[in-house]
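Asks: First, the structure itself, so that you have it in front of you.
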Amino acid sequence: MTSFAIRARYVLTEKGLAKEKSVVVEDGRVKALVPWGEEGVEEILERKEHIVLPGFVDCHTHTQQILLRASIGDELLQLPPIWTRYLIPFERRLDDDLALLSSRLSIANMVRSGTTFFVEAGAPRPMALIEAMKESGMAGAVTLSTFDILDAETPSAGELIERTERLMREAKDTVEVWGSLREIMMQSETLMLGIADLCRRRGTGITYHLGEYQGEVDYSLSKYRKRPLQIMEDLGITDIRPTVIAHGVYFSREEIGILRSKQLGLCWCPTVDSILMGPHWAPLVEGVRLGIGSDGGAFTTLDLLHEVKVARAVGKALAVSLRYEKTALGTSDLIKALTGDFGRIVGHNNSLLPGSEANMTVVSLEPQWLYPAHDPVEAVISFAGARDVVDTVVAGRILMRGRKMETIDEGKLTEDLGKNREKIKKIVEELKSSL
Ligand SMILES: [Zn+2]
384 MTSFAIRARY VLTEKGLAKE KSVVVEDGRV KALVPWGEEG VEEILERKEH IVLPGFVDCH
444 THTQQILLRA SIGDELLQLP PIWTRYLIPF ERRLDDDLAL LSSRLSIANM VRSGTTFFVE
504 AGAPRPMALI EAMKESGMAG AVTLSTFDIL DAETPSAGEL IERTERLMRE AKDTVEVWGS
564 LREIMMQSET LMLGIADLCR RRGTGITYHL GEYQGEVDYS LSKYRKRPLQ IMEDLGITDI
624 RPTVIAHGVY FSREEIGILR SKQLGLCWCP TVDSILMGPH WAPLVEGVRL GIGSDGGAFT
684 TLDLLHEVKV ARAVGKALAV SLRYEKTALG TSDLIKALTG DFGRIVGHNN SLLPGSEANM
744 TVVSLEPQWL YPAHDPVEAV ISFAGARDVV DTVVAGRILM RGRKMETIDE GKLTEDLGKN
804 REKIKKIVEE LKSSL
C-alpha cells in the first residue's frame, strides 16, 4: 500500500479551489483532502507556495514524430497535404531503436510539462511506445497507425485490424490500447467498420483525425454525399466510448450537433490548427466536450500550458472580432479543456475529489513571472508554463518530484539522442530531397 500526501497552498478540484489543503493519495487514488497537519501519512511533499491541479490530458499527440522537430519550415507547411508527403514517409523510416528513442523523448517532454495522460494518434511502432510507457510509468492510450489507402506499401484492412487486435491482447492490463483511424481519405469502409467492431468487442476507445482539411470535406461530399462526421455517424462509429476526434476544424452545424448530442470528445490543437487550418469554432460554441492537444513534438514543445495560452488568444480574437465579446473561452473553460474535462474525454476521472485517480500536476506560484498570483488559477492559465511544473503524478506514482525525474534517466536520453543525431539527420535530408 503506497501512500503519501501533497501539502499545498491551493488544490483545484472539479468542485473548485480549496486553500491550505493536503491531498492524501493511497493506492493510486485520492483518498481525501484534509487540512494541513491531518494527513496521517509519513511521506509529505511540502508545496506551500504551489497549486495542485487535476492532471493535464494531451488528447492528440504523435509520440513518434518528435524527431522531426524544427525540420518543418514554411515551405514544407504549404505542401498539400503534409501528412502524406512528409509525416507518414518519415514514420515509415523509423526503426525500432528510433521509435523507442522518440517515445522516450516525447514522454520526458510530457512529464516535464505536467501531462499525465495522452492519446497517441497512431504510432508506426506502438510496441516501442508501450515499452517507454512501462519504464517511465506514463499513462496514455496507445494506437497503431491505421490506414489502408495510400500506396503499394500500405497494409490491407484485414492486416491492420489483426495487428490492432494483437496489440490490444499483448498490452492487456499494462497500458490502454485503443483503435484509431488516420484520416477519412486514407481508409476504406471495411477498415472503419472493422476497427469500430474491434473497439466494441474489446471495450476500448477510439480516436481519429477528422475535419482537418477542406479537400477532405469535398472528398466526403463527392464520394458519400455526406460530411466526414456524418459518415462516422452512419457507420455507427460515433457510438464508441470514449471517442476522441482530433481537430474537427471544418465541421458544419450538423456535425457540431452530433458532437454535442453524443458528447464525443473534440481535441483542439491550438497551435497546429491555427497554423495549418485556421481559427477554430470551438470557443464560440457551448456544450461541446473540448480537450487540448499538442499534435506531437514535431510542431510543439508538448507544453499544454503553452497550448492553453494560444487557445485563449485565438479563441478571444475570434469572439472579440465577431461578437465583441471578451469573456468567451474563460479560465474555467480552459481548465476544463486542459484536464480533458477532468479526464472524461478519455474515460478517466481526474476530478481530484476523493475516490478519483491520483493524476496530478503541481505548479509553483513562486517564480517572479507568476508573482503575486492574486488568483492562482488565472496565474496558471495566463502565466505559467512547463518550467513551473514541479511534480507530475500519474495514477499515484510520482514521475517528477521537485523537478527531479524519478523514472526517466534524462542524462542517458540526451546521450542516446547525441549518438543518433547523424542517423536522424540523414533520414530528414533524404526525405526533403525526395519531395
Ligand atoms: Zn494528428
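Position 329, counted from 1, in the sequence shown is what this note's numbering calls 712; the numbers after and before it change by one each time, with no gaps. Even glycine gets a Cβ: it sits at the ideal position worked out from N, Cα and C.
Determine whether the beta carbon atoms of residue 444 and residue 685 lie at a separation below 8 Å.
Replies: Here residue 444 refers to the residue found at position 61 when the sequence shown is read from its first residue. Here residue 685 refers to the residue found at position 302 when the sequence shown is read from its first residue. Cβ atoms of residue 444 and residue 685: closer than 8 Å.
Asks: Please report how far the alpha carbon of residue 729 lies from the alpha carbon of residue 559, in whole angstroms.
Replies: Position 346 of the sequence shown, counting from 1, holds the residue named residue 729. Position 176 of the sequence shown, counting from 1, holds the residue named residue 559. Roughly 11 Å between the two C-alpha positions.
Asks: With C-beta atoms as the reference, is residue 447 less than 8 Å away from residue 508?
Replies: Position 64 of the sequence shown, counted from the first residue, corresponds to residue 447. Position 125 of the sequence shown, counted from the first residue, corresponds to residue 508. For residue 447 and residue 508, yes; Cβs fall inside 8 Å.
Asks: May I have a chain-ordered list of the beta strand (DSSP E) segments no shorter than 3 residues that lie completely inside the stretch 510-588?
Replies: Fully enclosed beta strand (DSSP E) runs of 3 or longer: 523-525, 562-564.
Asks: Any idea what DSSP makes of residue 689, helix, strand or coil?
Replies: To locate residue 689, count along the sequence shown from 1; it is residue 306. Helix, per DSSP.
Asks: Going by alpha carbons, who is nearest to residue 574 out of 539, 608, 596?
Replies: Within the sequence shown, residue 574 is the residue found at index 191, counting from 1. Minimum Cα distance to residue 574 is reached at 539.
Asks: Am I right that residue 419 and residue 390 are in contact with their C-beta atoms under 8 Å? What's the rounded C-beta distance?
Replies: The count along the sequence shown starts at 1 and reaches residue 419 at position 36. The count along the sequence shown starts at 1 and reaches residue 390 at position 7. That belief holds up - the Cβ atoms of residue 419 and residue 390 are roughly 6 Å apart, short of 8 Å.
Asks: Helix, strand or coil for residue 453 per DSSP?
Replies: Against the sequence shown, residue 453 aligns to sequence position 70. Three-state DSSP puts residue 453 in coil, outside helix and strand.
Asks: Indicate, with yes or no, if ligand 1 has a heavy atom lying under 7 Å from the CB of residue 504.
Replies: Residue numbering aside, residue 504 sits at position 121 when the sequence shown is read from its first letter. Result yes, Cβ under 7 Å from ligand 1.
Asks: Nearest to residue 613 by alpha carbon, out of 633, 479, 638?
Replies: Indexing the sequence shown from 1 puts residue 613 at position 230. With distances taken between Cα atoms, residue 613 lies closest to 638.
Asks: If I'm right that residue 386 touches residue 417 with Cβ under 8 Å, what's the distance once you round it to whole angstroms?
Replies: As a first step, residue 386 must be located in the sequence shown, where it is residue number 3. As a first step, residue 417 must be located in the sequence shown, where it is residue number 34. Actually they are not in contact, since the Cβ atoms of residue 386 and residue 417 sit about 13 Å apart, beyond 8 Å.
Asks: Are there any heavy atoms of ligand 1 lying less than 7 Å away from the beta-carbon of residue 445, as far as the coordinates show?
Replies: In the sequence shown, counting from the first residue as 1, residue 445 sits at position 62. For ligand 1, at least one heavy atom lies less than 7 Å from the Cβ of residue 445.
Asks: Tell me the DSSP secondary structure of residue 736 in three-state form.
Replies: Mapped onto the sequence shown, residue 736 falls at position 353. In this structure, residue 736 counts as coil in the three-state DSSP scheme.
Asks: Is the closest heavy atom of ligand 1 to the C-beta of residue 592 under 7 Å?
Replies: Counting from 1 along the sequence shown, the entry for residue 592 is found at position 209. Residue 592: yes, Cβ under 7 Å from ligand 1.
Asks: Less than 8 Å between the beta carbons of residue 601 and residue 672, yes or no?
Replies: As a first step, residue 601 is located in the sequence shown; it is residue number 218 there, counting from the start. As a first step, residue 672 is located in the sequence shown; it is residue number 289 there, counting from the start. No; because the gap between Cβ atoms is not below 8 Å, this pair is not in contact.
Asks: Identify which residue in 549, 592, 816 has its Cα closest to the Cα of residue 565.
Replies: Translated into positions along the sequence shown, residue 565 becomes position 182. It is 592 whose Cα lies nearest to the Cα of residue 565.
Asks: For residue 711 and residue 753, which I take to be in contact (beta-carbon distance under 8 Å), what is that distance rounded to the nearest angstrom?
Replies: Locating residue 711 in the sequence shown gives position 328, counting from the first residue. Locating residue 753 in the sequence shown gives position 370, counting from the first residue. Residue 711 to residue 753, Cβ: 24 Å. No contact.
Asks: Report the residue ranges of all alpha helix (DSSP H) runs contained in full by the stretch 764-792; include only those spanning at least 4 residues, in chain order.
Replies: For the stretch 764-792, not a single whole alpha helix (DSSP H) run of length 4 or above is found.
Asks: Can you list, in chain order, the residues of its chain whose CB lies under 7 Å from that of residue 483, leaving out five sequence neighbours each side?
Replies: In the sequence shown, residue 483 corresponds to position 100, counting from 1. Hits under 7 Å: 511, 514, 515.
Asks: At a threshold of 7 Å, does residue 524 count as lining ligand 1 (C-beta to nearest heavy atom)?
Replies: Position 141 of the sequence shown holds residue 524. Outside the cutoff, so no.
Asks: Unbroken alpha helix (DSSP H) runs of length 4 or more, entirely within the stretch 412-486: which are they?
Replies: With a minimum length of 4 residues, the continuous alpha helix (DSSP H) runs that stay inside the stretch 412-486 are 457-460, 471-476.
Asks: Pick out whichever of 670, 651, 669 has its Cα sitting closest to the Cα of residue 661.
Replies: For this step, residue 661 is matched to residue 278 along the sequence shown. With distances taken between Cα atoms, residue 661 lies closest to 651.
Asks: Just curious, the alpha helix (DSSP H) that residue 672 is in, first and last residue?
Replies: Counting from one through the sequence shown, the residue named residue 672 turns up at place 289. It is not in any alpha helix (DSSP H) - residue 672 instead sits in the beta strand (DSSP E) that spans 672-675.
Asks: Between which two residues does the alpha helix (DSSP H) harbouring residue 718 extend?
Replies: Taking the sequence shown and counting its residues from 1, the one referred to as residue 718 is at position 335. Unbroken alpha helix (DSSP H) run through residue 718: 714-721.
Asks: What would DSSP say about residue 661, mapped onto helix, strand or coil?
Replies: Within the sequence shown, residue 661 is the residue found at index 278, counting from 1. Residue 661 falls in the coil class under three-state DSSP.
Asks: Is residue 678 a contact residue of ligand 1, with contact defined as CB to any heavy atom under 7 Å?
Replies: On the sequence shown, residue 678 is found 295 positions in, with the first residue counted as 1. Yes, Cβ of residue 678 sits closer than 7 Å to a heavy atom of ligand 1.
Asks: Identify every run of the beta strand (DSSP E) within the stretch 580-648, keeping only runs that are complete inside it and at least 3 residues long; order them along the chain.
Replies: Segments of the beta strand (DSSP E) lying fully in the stretch 580-648: 589-593, 626-630.
Asks: Do you know whose CA, among 695, 465, 803, lies nearest residue 818's CA?
Replies: Translated into the one-based positions of the sequence shown, residue 818 becomes position 435. Nearest of 695, 465, 803 to residue 818, Cα basis: 465.
Asks: Between which residues of its own chain and residue 786 is the CB-CB distance below 7 Å, once the five residues before and five after are set aside?
Replies: Taking the sequence shown and counting its residues from 1, the one referred to as residue 786 is at position 403. The residues are 773.
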